[in-house]
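*Asks:* In the working numbering, the protein residues as written are 15 to 266.
(1) Using the beta-carbon count (16 or more within 10 Å), is residue 195 buried or exposed?
(2) Could you tell me the alpha carbon to alpha carbon distance between residue 189 and residue 54, rounded to whole angstroms?
(3) For residue 224, count the other beta carbons within 10 Å of its own beta carbon; 16 or more makes it buried, fewer makes it exposed. Which is it?
(4) Where does residue 96 fall in DSSP's three states?
(5) Helix, strand or coil: how does DSSP classify residue 151 here?
(6) Taking residue 60 as part of the beta strand (DSSP E), name the residues at either end of that continuous run.
(7) Do you know offhand how far residue 164's Cα is from residue 177's?
(8) For residue 145, is the classification buried or exposed, using 16 other Cβ atoms within 10 angstroms of its Cβ as the cut-off for buried?
(9) State the Cα-Cα distance for the pair residue 31 and residue 41, rounded to the nearest angstrom.
(10) Which first and last residues belong to the alpha helix (DSSP H) in which residue 165 is found?
(11) Apart from the five residues just before and just after residue 22, which ones in its own chain have a Cβ nearer than 8 angstroms to its Cβ?
(12) Please return the same chain residues whose Cβ sits closer than 6 angstroms to the Cβ of residue 57, not counting the five positions on each side in sequence.
(13) Check whether the stretch 154-168 touches the stretch 193-210, counting contact only when three or more Cβ pairs, one atom from each stretch, lie closer than 8 angstroms.
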């Protein structure tokens, strides 16, 4: 049976003879015309029956990363996530500012979180509201620090997307992601019950959205959606809300 199949294949190949380069080119052209495919890797090998070597051809194309550099990007992402999980699980005791901020959450309902906080504390409303909600699952350091920890994880992915928009070379993107991932200050923010980590996350989100908005014209519906996102950012980040309030005051 194997001999018959081989014989049929030989006859078919003889009617349309091609080198491995020709087969590779045909496949590459088909993949290039497929709008769904972002990147591809094609390998073609011909097992020579009359020579002691094989014919081989290879090609990689696409807007994504080359396979070797993709490994570095994956390693950097994994390292950044691991370091943040490790910092979070250290579970240090609260310091004074964290205790005072948690005390405000204990003493107030969700509506009163809109008002100025006691004990010389300050934080954006959505950060406080989400922290109060998470505290229902436990009154301990890990529960209160969950929102900063989650924000730090989201920041890593958002920064990865932002690096693709800003940096032209793949090496620059990998270096930027590595630097962001091992930053001591950002790792510290990931395990502190303060709004600093969410400030970083929202700031990166704004930069990412802005980098895309500047490249195209938006419809009215898209502008309205963008306004909703800005409102969310103001309620979730103190630095963003301060920026908007200062500019609004100046314009007034």
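Cβ coordinates follow ideal geometry from the N, Cα and C atoms, glycine included.
*Replies:* In short:
(1) buried
(2) 24 angstroms
(3) exposed
(4) In the structure shown, residue 96 adopts helical secondary structure according to DSSP, grouped into three states.
(5) helix
(6) In the DSSP annotation of this structure, the continuous segment of the beta strand (DSSP E) that includes residue 60 starts and ends at 53-60.
(7) 20 angstroms
(8) buried
(9) 15 angstroms
(10) 160-180
(11) Only weak support is given to the placement of residue 22: the predicted model assigns it a pLDDT of 44, under 50, and the question is left unresolved by the model.
(12) 72
(13) yes
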